[in-house]
Amino acid sequence: MDLILEKKSVIQILEEIAVLLDLAGENPFKSRAYSNAARVLETTGESLEELIRSGQLGETKGIGKALEEKILTLAVTGTLEYYEKLRGQFPPTLFDLLKIPNLGPKKVKTLYSTLGIQSLDELEKACQARIIRALSGFGEKTEQRILEGIERVRTYAARVLLPAAESAAQPLFESVSSHPATLRASLCGSLRRRRETIKDIDLLASSREPGELIEAFTGLPQVKTITGQGSTKASVVLENGIASDLRVVADDEFPFALNYFTGSKEHNTLMRSRARTFGYRLNEYALTRENGEILSCQNEEAIYWALELDYIPPELREGLHEIGWAMNRAVPSLIEYGDLKGTLHCHTRASDGEASLEEMAAAAGALGYQYLGIGDHSKAAFYANGLDEKRLAQQWEEIDRYNRQGGPVKILKGSEVDILRDGELDFAEEILLECDFAVGSVHSQFALSEAEMTQRLICAIESPGITFLGHMTGRLLLQREPYPVDVAKVIDATARNGKWIEINSNPWRLDLDWRACLEARDKGVLFCINPDAHNTAGLADNRYGIDVARKAGLGREAIANTRELNDFCQLLKKTRPG
DNA sequence: GCCGTTTTCGGCCCGACTGTTTTCAGTCG
């Protein structure tokens, strides 16, 4: 069966329908059903084709009869009358208005239906002409906030990468946690869940004098504007454009608030539903019995235990599988930051890196690694000064010399070999088989069809000399979408051929995405966490790769480079024929 | 529109803050 629309497009349309239903003022639970179905599709490992063929689509929780039919129609015909009709009611530019803070579907609908406002520009003009304040439900302040919001959307619409948020958050956290009025403090939200991109920095503190903390927070030198300030909560925008919220609670409420503000929203919803099955009520202050009796919890762990759940680490709280795992006492034991014994896929000055072999090795040694795999670019990557056969041989001599002298780490010989358009590799098979490992990567010709790209990657991973694919989907977070590829099929081919999957730790990449890693784990594939480092500092990026692994629910045993040198080399050999 | 350890109908997580109200709707997380 051939599908006209791929899964990603179907998901997008479902999400769009949810927004359109909100705009139309439909039952909010109906809208939620569409969002929910989109999320379910996004997180299931199965391809849409497989779900349809096996008849599992309608069996999936969150997809009932109506949605099954609509998804099927969309996938097979590429269109859906229900969607088209809904879409016809509103101009597509209304979606831009929804990005303005404090403007939701109701207000946008009012702006559109009373004044015909469709775009940011039109809204800006209407605000400047002081027309907005006359609308019922709007006022002078709303008008002003909309103008500020438009400015903000234009300037800082984007999310930021995890490391950027982390470095902005650290001084805020230190200021709050060291304040004399603070009893306990924590970073929360997506930062604590270690998401790959962050929208704002959430902070929580407990105190007997919340007002003092709020004052101190809004007065911090990093704060550019205060967008909201109450007695227990403040919202600000920092000088660097990132938004930040501080919430202050009483100390006995802290564990509940910590759990609540860590989220995700989906996880919270599931936790509250779980509480209800015991007749409890859970909010950010307490866990309460029906009779009003409060169940005391000293820390977050106690909340999970009170709901007869295993403790769930923050990274797993995405509303996917974690509650089910926790109910069955099956929360995986996650890899820890110190668990890596070495790493592969690093560059040197020989291609486009900034450091020498020795410098990279010394830096790896300083991280406590036992081995470092050098994988410089191959000759097709001419823009990166890729190595040809001769220069590769010279590098090997250099590596042999280094290893004979016995530095802090054993250097492994490798190559990041370009995958050419047809799936063939930039080096001959016998050369790759002489390497200790080889990373196959796509660096050009991104604009293939999904079928062609999938075939290209499968062809590469079937090559005997290849150990794993480098940054499998080619995405650059906040910059470039992944190239079209059927990841499930590539993972299948990887499993079939006994190869590994790279978790590329570069914060721009974090590729393979954690959402897809779980599926690979269930197929028994081993992972390798690599920094793709182009300088010595880049080696430390592996902590972000570990975040990905943790979010995927991977334990130490699933990651090849948690093994000691000898065991690791044995595993490497198993990726080769014979 | 989905779903079932109070249920096949009537729920669907819950509270802070804001602005525009004169008791509350909208938005956000």
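Note that the first sequence covers residues 1 to 578 in the numbering used here.
Ideal placement from N, C-alpha and C gives every residue a C-beta, glycine not left out.
Note that this is a predicted model, so its numbers are computed, not measured.
For the alpha helix (DSSP H) containing residue i, list its first residue and its last residue.
i    : result
A66  : K65 to T77
G211 : P210 to T218
S612 : The requested residue 612 does not occur in the structure, where the chain is confined to residues 1 to 578.
I323 : E322 to M327
I4   : Per DSSP, I4 belongs to no alpha helix (DSSP H) and is neither H nor E.
F173 : L162 to S177
F29  : P28 to T43
A126 : L120 to Q128
R184 : Element bounds for R184: not the alpha helix (DSSP H) but the beta strand (DSSP E), T182 to L187.
R401 : E389 to Q405
I131 : Counting along the chain, I131 falls outside any alpha helix (DSSP H), and DSSP gives it neither H nor E.
G386 : Unbroken run through G386: none, as it is neither H nor E.
Y82  : E81 to G88
D96  : L94 to L97
I431 : E429 to E434
R53  : L48 to R53
Return the first residue and the last residue of the beta strand (DSSP E) that residue i is part of.
i    : result
E502 : W500 to N504
C346 : G342 to C346
K410 : K410 to D418
V108 : Taken as a continuous stretch (DSSP letters only), V108 belongs to no beta strand (DSSP E), being part of the alpha helix (DSSP H) at P105 to L115.
I201 : D200 to S207
R193 : Neither: R193 is in no beta strand (DSSP E) and is coded neither H nor E.
G440 : F437 to S441
R159 : Taken as a continuous stretch (DSSP letters only), R159 belongs to no beta strand (DSSP E), as it is neither H nor E.
Can you list, in chain order, the residues of its chain whose CB lies under 6 Å from that of residue i, leaving out five sequence neighbours each side?
i    : result
A33  : none
K233 : R247
A38  : I11, L14 and E15
A257 : L204, V249 and E284
A516 : V487
Do you know whose CA, among the options, lies nearest residue i's CA?
i    : options                   : result
A306 : V331, E81, P314 and T277  : T277
F430 : D422, E452, G414 and R421 : Note that residue 430 corresponds to Glu in the displayed sequence, not to Phe. The residue with the shortest Cα to Cα distance from E430 is G414.
N283 : R272, S167 and L387       : R272
P180 : E215, L72 and Q170        : E215
G498 : G524, A516 and R515       : G524
P255 : N299, L270, D541 and V548 : N299
E174 : L213, R195 and E140       : L213
K85  : I132, I13 and Q144        : I13
F568 : D436, R194 and S177       : D436
E450 : V490, L469 and E462       : V490
I374 : A185, E308, H347 and G365 : H347
V76  : L3, S119 and T114         : L3
G116 : G137, T93, Q128 and G104  : T93
E209 : Q118, V249 and N240       : V249
G64  : K30, Q118 and T494        : K30
S264 : T60, R154 and P313        : P313
Among the residues of its own chain, which have a CB less than 7 Å from the CB of residue i, if the five just before and after it don't count?
i    : result
F446 : G474 and Y483
L183 : S206, S207 and D251
D426 : S378, K379, A380, V417, D418 and L420
I242 : V160, A165, A168, D200 and I201
L238 : A168, Q222, V223, K224 and S244
P464 : E429, L433, R576 and P577
L135 : T110 and T114
G211 : S231
N268 : Y260
By Cβ distance below 8 Å, which residues in the same chain neighbour residue i in space, the five residues on each side in sequence not counted?
i    : result
L191 : L162, A165, E166, A169, I198, I201 and D202
L565 : K341, G342, Q370, Y371 and K410
D541 : S505, N506, P507, P531, D532 and A533
G279 : R289 and E290
E301 : Y311
A520 : I491, T494, A495, I501, L512 and F527
**Request:** Can you check the stretch 225 to 299 for any beta strand (DSSP E) of at least 3 residues that lies completely inside it and give the ranges in chain order?
**Result:** With a minimum length of 3 residues, the unbroken runs of beta strand (DSSP E) contained wholly in the stretch 225 to 299 fall at 233 to 238 and 243 to 249.
**Message:** With three or more beta-carbon pairs closer than 8 Å as the criterion, would you say the stretch 333 to 342 touches the stretch 548 to 561?
**Reply:** The stretch 548 to 561 and the stretch 333 to 342 touch, with three or more beta-carbon pairs separated by less than 8 Å.
**Request:** Pair every Cβ in the stretch 3 to 21 with every Cβ in the stretch 44 to 61, then say whether three or more of these pairs are closer than 8 Å.
**Result:** With a cut-off of 8 Å on Cβ pairs, the stretch 3 to 21 is in contact with the stretch 44 to 61, counting three or more such pairs.
**Start-end ranges of the alpha helix (DSSP H) lying completely within the stretch 538 to 568, minimum 4 residues** = Qualifying alpha helix (DSSP H) stretches, in chain order: 542 to 551.
**Message:** My parser needs the beta strand (DSSP E) runs of 3 or more residues fully inside the stretch 336 to 384; what are they?
**Reply:** Taking only runs of at least 3 residues, the beta strand (DSSP E) segments lying wholly in the stretch 336 to 384 are 342 to 346 and 371 to 374.
**Runs of alpha helix (DSSP H) lying entirely within the stretch 452 to 531, each at least 4 residues, in chain order** = Runs of the alpha helix (DSSP H) lying entirely within the stretch 452 to 531 and spanning at least 4 residues, in chain order: 487 to 496 and 514 to 522.
**Three-pair Cβ contact test at 8 Å for the stretch 147 to 155 versus the stretch 96 to 115** = Contact check between the stretch 147 to 155 and the stretch 96 to 115: three or more CB pairs, one atom from each, fall below 8 Å, which counts as touching.
**Asked** Is there contact here, the stretch 82 to 89 with the stretch 106 to 121, by at least three beta-carbon pairs under 8 Å?
**Response** Because the criterion of three Cβ pairs below 8 Å is not met, the stretch 82 to 89 and the stretch 106 to 121 do not touch.
**Asked** Using 8 Å as the threshold, is the stretch 486 to 501 in touch with the stretch 448 to 464, meaning 3 or more CB pairs across them?
**Response** Yes, since at least three Cβ pairs between the stretch 486 to 501 and the stretch 448 to 464 fall closer than 8 Å, the two stretches touch.
**Message:** I'd like to know if the stretch 355 to 371 and the stretch 322 to 336 are in contact, where contact means that at least 3 CB-CB pairs between them fall below 8 Å.
**Reply:** As far as the Cβ criterion goes, the stretch 355 to 371 does not touch the stretch 322 to 336, which means the pair count is below three.
**Message:** Quick check: the stretch 533 to 548 against the stretch 504 to 515, are at least 3 beta-carbon pairs closer than 8 Å?
**Reply:** Touching, per the Cβ criterion.
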